[in-house]
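Residue numbers (this note's numbering): 562 to 952. By construction, the Cβ of each residue, glycine as well, lies at the ideal position given by its N, Cα and C atoms. Predicted model, so just to flag it, every value in this text is computed and none were measured.
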């Protein structure tokens, strides 16, 4: 699966998205052919390379030569329909404009059928939104992902007058999306067009996607910031399947003066306090002194309760912390019937396939006790019953 990750460290606009995708290798000729097919008059575009803080980027400018009429959603969708864009690009663009109409209607207290699109319905927004969808399709992108969007402050002049930044339509669009504060820049960094593209097309907001990077492109914004380059970065690559890892915390203590008889009750209390795993390892400390390392694995957030247990129940004067990731097979349980009774089988699944299976110790121990037989006989019977069942 090919993914396009939009790294919006300086925000996003339609022009910046176009430039970044062109910089990532999307065909400019395809874009121009679709633009020329639009049933629109009085507009022009300019595409050129530029440099921002030493980084080469693509600057896209779209200008209207005359005042454009206010359009309803149905008008915009008809313009998109008449273009030569692919069916996929048209479908994406239609969804983006529908999302814009919903946001504008909510802000202005009207319906999506009655809302006038003002700036976002002007030629530049139609060219931007359809153009971005055309370039994504031309790159063979299957999924879009986006960084958290920066929320700057200030004011901007709109069709209804001066409005605060982020614009009301932007905030309406970003309901449910991840955003971050941006106090380093005054003025608009996320436009309604940019917000609509991301909230409609992106399947998630967060850190970089797990991928094999193939292409990188930069789109230039029109403003220049002292705090950072006004660029949008798009990274395109093949997705690498995410491993089902879990974040964990490992707590370790070294014990050289504790009564070994205490180890079992300490372990039990640690499990009761929320430990995922508790184990002991023999170690050699300074002066060749034999000792025991007690390791406790837990979920983040459980450290305080476990430390309290360690300090209360052991002789340690301190503890070490480290963060680890662990991977567990998906687990499924089945019950088999043996001549000694029922035994549960724990089955490990990886990528939908069975990788391992093991009889449950507690069941085997109970059946062995009931029938006065060695536990290994119950294990063998349970494994045989499971293999025969599976075959």
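Residues near residue 689 in its chain [Cβ-Cβ closer than 6 Å; skip 5 each side]: As a working mapping, residue 689 is identified with position 128 in the chain shown. Excluding sequence neighbours, residue 689 sits near 575 and 754.
The segment 589-603 / the segment 687-702 touching (three or more Cβ pairs under 8 Å): yes
Where residue 778 sits in the DSSP three-state scheme: Position 217 of the chain shown, counted from the start, is the residue given in the question as residue 778. DSSP places residue 778 in strand when its eight states are reduced to three.
Pairwise C-alpha distance: residue 861 and residue 573: If you number the chain shown from 1, residue 573 lands on position 12. If you number the chain shown from 1, residue 861 lands on position 300. Cα to Cα, residue 573 sits roughly 34 Å from residue 861.
Backbone CA spacing between residue 703 and residue 775 [nearest angstrom]: Counting from one through the chain shown, the residue named residue 703 turns up at place 142. Counting from one through the chain shown, the residue named residue 775 turns up at place 214. Taking the straight line joining both Cα atoms gives about 14 Å.
For residue 821, three-class secondary structure by DSSP: Numbered from 1 along the chain shown, position 260 holds the residue referred to as residue 821. The answer is helix: DSSP assigns residue 821 an H, G or I state.
Of the residues 583, 643, 927 and 619, the one placed nearest residue 601, counting alpha carbons only: By 1-based counting over the chain shown, the position of residue 601 is 40. Answer by Cα proximity: 643.
Inter-residue spacing [alpha-carbon to alpha-carbon] between residue 603 and residue 621: As a position in the chain shown, residue 603 is number 42, starting the count at 1. As a position in the chain shown, residue 621 is number 60, starting the count at 1. Residue 603 and residue 621: Cα-Cα distance of roughly 17 Å.
Identified DSSP bridge partners for residue 786: Indexing the chain shown from 1 puts residue 786 at position 225. Answer is none; residue 786 lacks a bridge partner.
Buried/exposed call for residue 634, threshold 16 Cβ in 10 Å: The sequence position of residue 634 within the chain shown is 73, counting from 1. The residue in question, residue 634, is buried, as its Cβ has 16 or more Cβ neighbours within 10 Å.
8 Å contact criterion, which residue 581 and residue 780 should meet: CB distance rounded: Against the chain shown, residue 581 aligns to sequence position 20. Against the chain shown, residue 780 aligns to sequence position 219. Yes, residue 581 and residue 780 are in contact; Cβ-Cβ is about 3 Å, under 8 Å.
Inside the segment 822-866 only - alpha helix (DSSP H) runs reaching at least 4 residues: 824-833
Exposure label - residue 940; buried when at least 16 CB within 10 Å: Here the question's residue 940 lines up with position 379 in the chain shown. Buried, because 16 or more other Cβ atoms sit within 10 Å of the Cβ of residue 940.
Cβ separation of residue 641 and residue 691, assumed to be a contact under 8 Å, to the nearest whole Å: What you label residue 641 is simply residue 80 of the chain shown in a count that begins at 1. What you label residue 691 is simply residue 130 of the chain shown in a count that begins at 1. Sure, about 6 Å apart at Cβ, within 8 Å.
Residue 596, buried or exposed, once every other Cβ within 10 Å from all chains shown has been counted against 16: The residue you call residue 596 lines up with position 35 of the chain shown. Counting Cβ neighbours within 10 Å, residue 596 comes out buried, since at least 16 surround it.
Buried versus exposed call for residue 708 [16 or more other C-beta atoms within 10 Å across all chains shown]: The sequence position of residue 708 within the chain shown is 147, counting from 1. It counts as buried.
The segment 723-741 in contact with the segment 785-801 per 3-pair CB rule at 8 Å: no
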